[in-house]
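Below: one structure, written as structure tokens.
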Amino acid sequence: MIVVGGGPSGLSAALVFGRQHRRVLVVDGGRVRNAPAEEMHMMLSRDGFPPDRMLAIGRSELAAYPSVEVRPGTVSAVSGSVGDFEAVLTDGTRERARRLVLGTGQIDEPYDIPGLRERFGRGVFHCPFCHGWEVSGKTLAVINSDPADATLAAYLADRFSSDVVLCTHGAEPLPEETAARLALRGVRVDPAPVAEVGGEPGAVSVRFADGRVLARGAVFHKAPTRQHSPLAAGLGCEILPDGTVRVDELQRTTVPGVAAVGDTAKLPAVPTATTLVVLGAADGVRAAVWMDGDLFREDLDRDAARA
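Each position in the sequence shown, counted from 1, maps to that position plus 289 in this note's numbering.
If you want it as structure tokens, here you go:
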């Protein structure tokens with residue numbers, strides 16, 4: 290078994306495989322999507338825990354299972370089919386496996402506004418579930434041009450703050466219905482282009498192109514995303530319009546023998562990917578349980594045919 294990705298989903302899959310005495314190689318690129326965040330939330334017993342600390346604990350737990358290897362590195366290519374896949378690492382080594390789990394994740398691509406990317410996870414946040422509680426009662430801004438993301442400002446105003454400004458960054462005026470919904474929650478809309486985001490966590494500044502400066506306790510920005518790795522597409526897995534890999538309820542992709550987990554993947558019926566650590570870990574467990582059972586049945590059928 291080869292698991293590509295050493296985040297919560299990949300390590301959780303490896304834990305299941307290890308406990309079932311399955312040989313598994315985890316190729317860990319060393320950086321996960323929530324690396325900029327100082328805390329993670331909504332993982333029972335680990336609420337407020339540093340993400341890197343949780344991963345370190347996970348790797349140490351895997352060390353108890355001799356059949357599990359966690360190897361630093363990057364997979365540059367994968368090929369083959371169910372029962373015989375080959376992964377090529379960037380150091381030139383080649384590894385074969387009967388099954389693949391892709392937990393390569395996605396990359397956030399914040400708007401090209403000076404200071405925005407640098408503060409992502411520290412003063413600039415993407416998720417009200419992950420970071421809303423910590424900014425309760427503070428003045429907030431949302432930087433997003435897409436009208437579909439405007440409801441984030443309304444949600445923040447409904448749950449966490451009485452002072453929320455939506456900065457549409459020079460976009461076209463919002464649809465009337467959207468503007469009306471924002472007004473119902475007291476959200477102000479500023480259409481001016483944003484020139485820079487500055488300040489420190491808890492005291493963030495939004496400077497507009499016309500020179501005005503908006504002081505905020507925090508900024509939210511739902512950044513566009515893309516796949517971190519081209520491996521799924523290279524194998525022929527179906528990619529959904531939002532860039533995620535199509536999976537079924539058991540995390541199976543459209544390519545037999547390949548599962549995708551965490552924010553790499555999404556059920557097609559789900560409107561948007563829910564990128565929570567606890568759900569990524571659950572994806573890894575679900576994929577590994579299915580794969581272990583699938584391999585067991587395959588081996589049982591083979592042995593029965595030989596008997």
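Here a beta-carbon is modelled for each residue, glycine too, at the ideal position from N, C-alpha and C. Nothing here was measured: the structure is a model prediction, and the numbers come from that model.
Inter-residue CB distance, residue i and residue j (contact presumed, cutoff 8 Å)
{"i": "R515", "j": "I402", "result": "Incorrect: roughly 18 Å between the Cβ atoms, too far for contact."}
{"i": "R470", "j": "A443", "result": "6 Å"}
{"i": "V293", "j": "V313", "result": "Wrong, their Cβ atoms sit about 11 Å apart, outside the cutoff."}
{"i": "V493", "j": "G412", "result": "5 Å"}
{"i": "T382", "j": "T553", "result": "In fact, because the Cβ distance is near 23 Å, the residues do not count as touching under 8 Å."}
{"i": "M329", "j": "V508", "result": "Contact flag wrong, Cβ pair sits at about 19 Å."}
{"i": "C416", "j": "I432", "result": "The pair is not a contact, with the Cβ atoms about 14 Å apart (cut-off 8 Å)."}
{"i": "L463", "j": "P482", "result": "That pair is no contact at about 15 Å."}
{"i": "A577", "j": "A302", "result": "4 Å"}
{"i": "L556", "j": "V536", "result": "6 Å"}
{"i": "G491", "j": "G404", "result": "About 15 Å; that fails the 8 Å criterion."}
{"i": "V550", "j": "D583", "result": "Actually they are not in contact, since the Cβ atoms of V550 and D583 sit about 15 Å apart, beyond 8 Å."}
{"i": "G506", "j": "V371", "result": "The pair is not a contact, with the Cβ atoms about 51 Å apart (cut-off 8 Å)."}
Counted within 10 angstroms of its Cβ, other Cβ atoms place residue i as buried (16 or more) or exposed
{"i": "L344", "result": "buried"}
{"i": "V502", "result": "exposed"}
{"i": "S518", "result": "buried"}
{"i": "R575", "result": "buried"}
{"i": "P340", "result": "buried"}
{"i": "S451", "result": "exposed"}
{"i": "F414", "result": "buried"}
{"i": "F418", "result": "exposed"}
{"i": "R448", "result": "exposed"}
{"i": "L473", "result": "exposed"}
{"i": "P399", "result": "buried"}
{"i": "A594", "result": "exposed"}
{"i": "L304", "result": "buried"}
{"i": "F306", "result": "buried"}
{"i": "T564", "result": "buried"}
{"i": "H310", "result": "exposed"}
{"i": "G337", "result": "exposed"}
{"i": "A504", "result": "exposed"}
{"i": "A596", "result": "exposed"}
Range covered by the alpha helix (DSSP H) that runs through residue i
{"i": "A594", "result": "V566 to R595"}
{"i": "V305", "result": "P297 to R308"}
{"i": "D447", "result": "T440 to R448"}
{"i": "R470", "result": "E465 to L473"}
{"i": "L520", "result": "L520 to L524"}
Residue from the options whose Cα sits closest to the Cα of residue i
{"i": "V544", "options": "A437, R496 and L524", "result": "L524"}
{"i": "R388", "options": "I346, D581, R595 and A593", "result": "D581"}
{"i": "P480", "options": "G487, G404 and A460", "result": "A460"}
{"i": "L568", "options": "V486, Q540 and V367", "result": "Q540"}
{"i": "T440", "options": "G475, S370, R308 and D317", "result": "G475"}
{"i": "G318", "options": "V359, D590, R448 and T563", "result": "V359"}
{"i": "V454", "options": "S434, D438 and R477", "result": "R477"}
{"i": "V559", "options": "E538, A549, V547 and G546", "result": "E538"}
{"i": "D499", "options": "V305, A484 and K511", "result": "A484"}
{"i": "L391", "options": "L584, T542, E489 and G337", "result": "T542"}
{"i": "G362", "options": "G369, F338 and R320", "result": "R320"}
{"i": "E489", "options": "W579, D336 and E407", "result": "E407"}
{"i": "C526", "options": "A548, R311 and H510", "result": "A548"}
{"i": "A522", "options": "T379, S368 and D336", "result": "S368"}
{"i": "S356", "options": "M290, I346 and S334", "result": "M290"}
{"i": "T561", "options": "P513, E466, F497 and L589", "result": "P513"}
{"i": "I421", "options": "A570, M331, R335 and A468", "result": "Correcting the residue identity first, residue 421 is Gly in this sequence and not Ile. The shortest Cα separation from G421 among A570, M331, R335 and A468 belongs to M331."}
Range of the contiguous beta strand (DSSP E) that encloses residue i
{"i": "C416", "result": "Per DSSP, C416 belongs to no beta strand (DSSP E) and is neither H nor E."}
{"i": "P361", "result": "V357 to P361"}
{"i": "A366", "result": "V364 to S370"}
{"i": "E328", "result": "Note, E328: premise wrong, no beta strand (DSSP E); not H, not E."}
{"i": "D397", "result": "Q395 to D397"}
{"i": "L344", "result": "First-last for L344: P340 to L351, but that is the alpha helix (DSSP H), not the beta strand (DSSP E)."}
{"i": "E485", "result": "V483 to E489"}
{"i": "E384", "result": "R383 to A386"}
{"i": "F374", "result": "D373 to L378"}
{"i": "F509", "result": "A507 to F509"}
{"i": "Q516", "result": "T514 to Q516"}
{"i": "D479", "result": "R477 to D479"}
Checklist entry - If you pair each beta-carbon of the stretch 297-317 with each one of the stretch 528-535, do three or more pairs fall below 8 Å? => result no
Item to check | Contact the stretch 317-333 vs the stretch 375-385: 3+ CB pairs below 8 Å | outcome: no
Next on the checklist: Under 8 Å, with one C-beta from each stretch per pair, do the stretch 346-354 and the stretch 427-434 reach the 3-pair mark?
Outcome noted: no
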